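Asker: Residue numbers (this note's numbering): 114 to 462.
Ideal Cβ positions, reconstructed from N, Cα and C, are used throughout, including at glycine.
Model, not experiment: these values are computed from the prediction.
Handing you a structure now.
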C-alpha cells in the first residue's frame, strides 16, 4: 500500500540526475515512477529502476522566440497534457516532483488539472522557462541558491539533490579508469552532455604543454574521441564511475551546469569551471560565478581560453587549492535529505 510519486524532467542529464538521486532515497518508502520523453531520461531511469517505472510521452521543446515551427506548439503541448492526464489518472500519485526542462511542463499542467500536489526544483541560479511557467501551479518551489529564493514568493532554499555515491568514491578505481600515474598531479576534463566540443578543441591545442607537468584524463563525449596518443594522456567517451575519477583527480576542469558544480563543491574538489555560453540563457556563468565570488573555484571564458591562459588558470588553481577547499566546506549544496523530508511530510501528512 505504498504511495506513488511521479517524477518529471528531462532534456539534459542535469534535469534527470537530481530526480534519480531522490528516487534512490525514496524507492523503499514509496512507489517512484517517471514520466518523460524518449531522451536521456528514458535511458538513465530505465537502467536504474526498470522499464515498468518509466512512462514515455511525446513532447515539444518550449521556445523563447517566435518561429513558424512554434505555430503548432500549442496543439502539440495540448496533446502531451492530455496524454499525461491519462497516465496520471491511472497512477493516482500523491505527489508530482518536477525538475524543469520542457519535458516536465505537460506533466505539471496535467497534474494541476487533476488537483495533484506539485513540487518543483530549480537547480540553476535563475529559473528555466519550464519552471517559471510551472511555479504558479506548485505547492512548493525548491531552489539551490539563496539568491534565487528571494525572487519567488514560495521558494525554499534547499540545495540540490545529489547522488549519495559522491560521499563514498573509490580512489584506486578512479586511478585505474583514468590511467593516472602515481607521482604527478592529476587533472580531469569533462565537457558534459552538450558542451564537450569546444573544451575538446582547447585541450587538443594544449595537451603537449599540460602533459609536460600533469597527468591528463579527458571524458570527451560520445563519438568525440581526440586524435591524441601521448604519455600522460588518456581519454574515455563516457565513464560510469565519474565520482571515483573525480576523487582520484587533484583538479577538475568542467562545464558549469548546476548539477556538476554542486557535485564537485560537495566533493571538495578544486575546479576550473568553463561555462557553456552557446545555446543557454547564461545560467552556467551565473552558477559558476556564484562560487567564484565565494573563493571556491576559478572560472574561465570559453571564447577567450587558449593554451597560455589555461595553463595560467591551472597553476593558479593549484596555488589556491587550500583556500578553495576551506571555502567549499562552508557551502551547503546537498539538498537531498531536506527535500526527501519535505516529500515524505506531504505524502504522509
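From what residue to what residue does the beta strand (DSSP E) around residue 248 run?
Answerer: For the purposes of this step, residue 248 is taken as residue 135 along the chain shown, with counting starting at 1. It is not in any beta strand (DSSP E) - residue 248 carries neither H nor E in the DSSP assignment.
Asker: Which whole runs of the alpha helix (DSSP H) in the region 367-441 are 4 residues long or more, in chain order?
Answerer: The region 367-441 contains these whole alpha helix (DSSP H) runs: 371-379, 396-406, 420-432.
Asker: Rank 239, 246, 228, 227 by C-alpha distance to the C-alpha of residue 216 and give the top, closest one.
Answerer: The residue labelled residue 216 in the question sits at position 103 within the chain shown. Nearest C-alpha to residue 216: 246.
Asker: Would you report the Cα separation of residue 218 and residue 243, rounded to the nearest angstrom?
Answerer: Here residue 218 is taken as the residue at index 105 of the chain shown, counted from 1. Here residue 243 is taken as the residue at index 130 of the chain shown, counted from 1. Near 6 angstroms, if we compare the C-alpha coordinates of residue 243 and residue 218.
Asker: Determine, using beta carbons only, whether residue 285 comes closer than 8 angstroms to chain B.
Answerer: The structure shown has no chain B; it contains just one protein chain.
Asker: Considering just the uninterrupted stretch of the alpha helix (DSSP H) at residue 126, what are its terminal residues?
Answerer: Residue mapping note: residue 126 aligns to position 13 of the chain shown, counting from 1. Unbroken alpha helix (DSSP H) run through residue 126: 126-139.
Asker: Could you tell me the alpha carbon to alpha carbon distance between residue 181 and residue 121, rounded to whole angstroms?
Answerer: Taking the chain shown and counting its residues from 1, one reaches residue 181 at position 68. Taking the chain shown and counting its residues from 1, one reaches residue 121 at position 8. About 28 angstroms.
Asker: Could you name the residues that DSSP lists as bridge partners for residue 256?
Answerer: Along the chain shown, one-based indexing puts residue 256 at 143. Bridge partners of residue 256: 235, 270.
Asker: Assuming residue 200 and residue 168 are in contact, meaning their beta carbons sit under 8 angstroms apart, how far apart are those beta carbons, in whole angstroms?
Answerer: For the purposes of this step, residue 200 is taken as the residue at position 87 of the chain shown. For the purposes of this step, residue 168 is taken as the residue at position 55 of the chain shown. Sure, about 5 angstroms apart at Cβ, within 8 angstroms.
Asker: For residue 286, collect the residues of the same chain with a Cβ closer than 7 angstroms to its Cβ; drop the 5 residues on either side in sequence, then sort them by chain order.
Answerer: For the purposes of this step, residue 286 is taken as residue 173 along the chain shown, with counting starting at 1. Same-chain partners within the cutoff: 354, 357.
Asker: Spell out the partners DSSP gives residue 467 in its beta bridges.
Answerer: Only positions 114 to 462 of the chain appear in the structure, and residue 467 is not among them; the question remains open.
Asker: Just list the beta strand (DSSP E) runs in the region 319-356, keeping only unbroken ones of 3 residues or longer that don't cross its boundaries, in chain order.
Answerer: As far as the region 319-356 is concerned, its whole beta strand (DSSP E) runs of at least 3 residues are 328-332, 346-349.
Asker: Identify every run of the beta strand (DSSP E) within the region 271-315, keeping only runs that are complete inside it and at least 3 residues long; order them along the chain.
Answerer: Runs found: 299-303.
Asker: By a C-beta neighbour count over all protein chains shown, 10 Å radius and 16 as the cutoff for buried, is residue 328 buried or exposed?
Answerer: Taking the chain shown and counting its residues from 1, one reaches residue 328 at position 215. Classification for residue 328: buried.
Asker: Which two residues bound the contiguous beta strand (DSSP E) that contains residue 211?
Answerer: Taking the first residue of the chain shown as 1, we reach residue 211 at position 98. Residue 211 -> beta strand (DSSP E) spans 208-211.
Asker: Is the region 389-399 in contact with the region 361-372, if contact means three or more CB pairs nearer than 8 angstroms?
Answerer: They touch, by the three-pair rule.
Asker: Can you find at least 3 beta carbon pairs, one from the region 266-282 and one from the region 331-344, that sit closer than 8 angstroms?
Answerer: In short, these stretches do not touch, since the Cβ pair count stays below three.
Asker: Tell me the DSSP bridge mates of residue 363?
Answerer: Residue 363 sits at position 250 when you count from the first residue of the chain shown. DSSP, once it has assigned bridges, lists no residue as partnering residue 363.
Asker: Within 10 angstroms of its Cβ, does residue 425 collect 16 or more other Cβ (buried), or is it exposed?
Answerer: Walking along the chain shown from the start, residue 425 turns up at place 312. Classification of residue 425: exposed, given that the 10 Å Cβ count is below 16.
Asker: Does the Cβ of residue 115 have 16 or more other Cβ atoms within 10 Å, making it buried, or fewer, making it exposed?
Answerer: Your numbering for residue 115 matches position 2 in the chain shown. The residue is exposed, with fewer than 16 neighbouring Cβ atoms inside 10 Å.
Asker: Measuring CA to CA, which of 402, 408, 161, 191 is closest to residue 433?
Answerer: Counted from its first residue, the chain shown places residue 433 at position 320. Nearest C-alpha to residue 433: 408.
Asker: Where residue 135 and residue 159 are concerned, what is the direct C-alpha to C-alpha distance, given to the nearest angstrom?
Answerer: Here the question's residue 135 lines up with position 22 in the chain shown. Here the question's residue 159 lines up with position 46 in the chain shown. Computed Cα separation, rounded: 15 angstroms.
Asker: Given a cut-off of 8 angstroms, decide if residue 446 and residue 365 are closer than it, judged by their beta-carbon atoms.
Answerer: Translated into the one-based positions of the chain shown, residue 365 becomes position 252. Translated into the one-based positions of the chain shown, residue 446 becomes position 333. Contact: no.
Asker: Are the Cβ atoms of residue 132 and residue 170 separated by less than 8 angstroms?
Answerer: To locate residue 132, count along the chain shown from 1; it is residue 19. To locate residue 170, count along the chain shown from 1; it is residue 57. No.
Asker: Identify the continuous beta strand (DSSP E) that holds residue 165 and give its terminal residues.
Answerer: Position 52 of the chain shown, counted from the first residue, corresponds to residue 165. It is not in any beta strand (DSSP E) - residue 165 carries neither H nor E in the DSSP assignment.
Asker: What separation, rounded to the nearest whole angstrom, lies between the Cα atoms of residue 412 and residue 311?
Answerer: Translated into the one-based positions of the chain shown, residue 412 becomes position 299. Translated into the one-based positions of the chain shown, residue 311 becomes position 198. So the alpha carbons of these two residues sit roughly 15 angstroms apart.
Asker: Can you give me the C-alpha to C-alpha distance between residue 391 and residue 416, rounded to a whole angstrom?
Answerer: On the chain shown, position 278 is the one that residue 391 refers to. On the chain shown, position 303 is the one that residue 416 refers to. If I take the Cα positions, the gap works out to 10 angstroms.
Asker: What does the Cβ neighbour count give for residue 406, buried or exposed, with the cut at 16 atoms within 10 Å?
Answerer: Reading the chain shown from its first residue, position 293 is the one you call residue 406. Exposed: under 16 other Cβ atoms inside 10 Å.
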